[in-house]
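A short worksheet on the structure shown next.
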Amino acid sequence: MKVALIGAGNLMTNLGKALKSAEDVEIVQVWSRTEASAQSLASILNTGYTNDISSVLEADVYIIAVKDNALESLIPPLAAKHPNSVFFHTAGSMPMDVFESYAKHYGVFYPLQTFSKNKVVNFKEIPIFIEANDEKSSILLKLLAKSVSDHIYELSSERRKYLHLAAVFACNFTNHCYDLAAHVLEPKGISFSVMLPLIDETARKVHELSPHDAQTGPAVRYDENVMNRQIALLDDENTKQIYKILSQSIHDKL
């Protein structure tokens, strides 16, 4: 299967590495908006590159991993030039029918994970959520997904948007809380690294308990004395509001 990669960001860097090791997959080219980023990923994958969308080579499958607002501008020229190919996007928040007016064969290839270019992940462990508009797309999508992961699930666009929303809470907002914790500690000369055992145990617990049952802390018992003292230690109004809102939400759900 000949595959062209449209995008060279965090997700595509990790996916490209997984596809490079997959059987029966040939990465024919990398496209990116800038030549430098396209060349950087292409050198890792030992393939060609371009930053000209009209120069993207012929492929069986085009995987598009770009910002949501760039996706819709890239689809028309790609689909017009390669009308018999299959197109997949990787966005959790975009519906499959973004392709509808332009491509005949299309779908969604959504890996549920957080990616960084320099952090290696085991793609075999990542759940991939797929959706296809026809049999041709479905066959290629399943082959592609199974070549890199052992966990494949079919999921509609309507349900996937809730999955993506849940991921924002579970990953992005949680990581922001880590950043807030670091900002509390660092001015006092305390390394964020002392938090890592706590973070790791918090993550391990939800493998055995529901998040609801695993919840601890002053907001569970709504200890206002402790909570008010901690709010007073914060010197940023936004962070104070986050503390109050999260504490109230924890209390309300218990």
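Residues in the sequence shown are numbered consecutively from 2, following the working numbering.
All residues carry an ideal CB built from backbone N, CA and C; glycine is no exception.
Buried or exposed (CB count within 10 angstroms, at least 16 for buried), residue 227
Locating residue 227 in the sequence shown gives position 226, where the first residue counts as 1. That one is exposed.
So, is residue 222 buried or exposed, given that buried needs 16 or more other C-beta atoms within 10 angstroms?
Residue mapping note: residue 222 aligns to position 221 of the sequence shown, counting from 1. Its Cβ having fewer than 16 others within 10 Å, residue 222 is exposed.
Find out if the Cβ-Cβ distance for the pair residue 62, residue 87 is shorter than 7 Å.
Along the sequence shown, one-based indexing puts residue 62 at 61. Along the sequence shown, one-based indexing puts residue 87 at 86. Against a cut-off of 7 Å, the Cβ pair of residue 87 and residue 62 comes out as a contact.
Take residue 66 and list the residues in its own chain whose beta-carbon comes closer than 6 Å to its own, dropping the five residues that flank it on each side.
On the sequence shown, position 65 is the one that residue 66 refers to. Cβ neighbours of residue 66 beyond the five flanking positions: 8, 12, 13 and 91.
Any idea what DSSP makes of residue 112, helix, strand or coil?
The residue given as residue 112 occupies position 111 in the sequence shown. Residue 112 falls in the strand class under three-state DSSP.
At least three beta-carbon pairs within less than 8 Å, the region 33-44 to the region 106-117:
no
What residue range does the alpha helix (DSSP H) around residue 133 cover?
For the purposes of this step, residue 133 is taken as residue 132 along the sequence shown, with counting starting at 1. That residue, residue 133, is in no alpha helix (DSSP H); its beta strand (DSSP E) goes 128-133.
DSSP three-state assignment for residue 29, whether helix, strand or coil:
Taking the first residue of the sequence shown as 1, we reach residue 29 at position 28. Three-state result, residue 29: strand.
Do the CB positions of residue 101 and residue 131 come within less than 7 Å of each other?
Here residue 101 refers to the residue found at position 100 of the sequence shown. Here residue 131 refers to the residue found at position 130 of the sequence shown. No, they are not a contact pair.
Taking residue 6 and residue 149 to be in contact with their CB atoms under 8 Å, please state how far apart those CB atoms are, rounded to whole angstroms.
One-based indexing of the sequence shown puts residue 6 at position 5. One-based indexing of the sequence shown puts residue 149 at position 148. Wrong, their Cβ atoms sit about 13 Å apart, outside the cutoff.
Please report the residue range of the beta strand (DSSP E) in which residue 155 lies.
Numbered from its first residue, the sequence shown carries residue 155 at position 154. Taken as a continuous stretch (DSSP letters only), the beta strand (DSSP E) holding residue 155 covers 152-155.
When DSSP labels each residue in this structure, what does residue 90 get in the three-state scheme?
Here residue 90 refers to the residue found at position 89 when the sequence shown is read from its first residue. Residue 90: strand per DSSP, three-state reduction.
Member of 98, 164 and 2 whose CA lies at the smallest distance from the CA of residue 260:
Because residue 260 is not part of the residues shown, which for the chain are 2 to 255, the question remains open.
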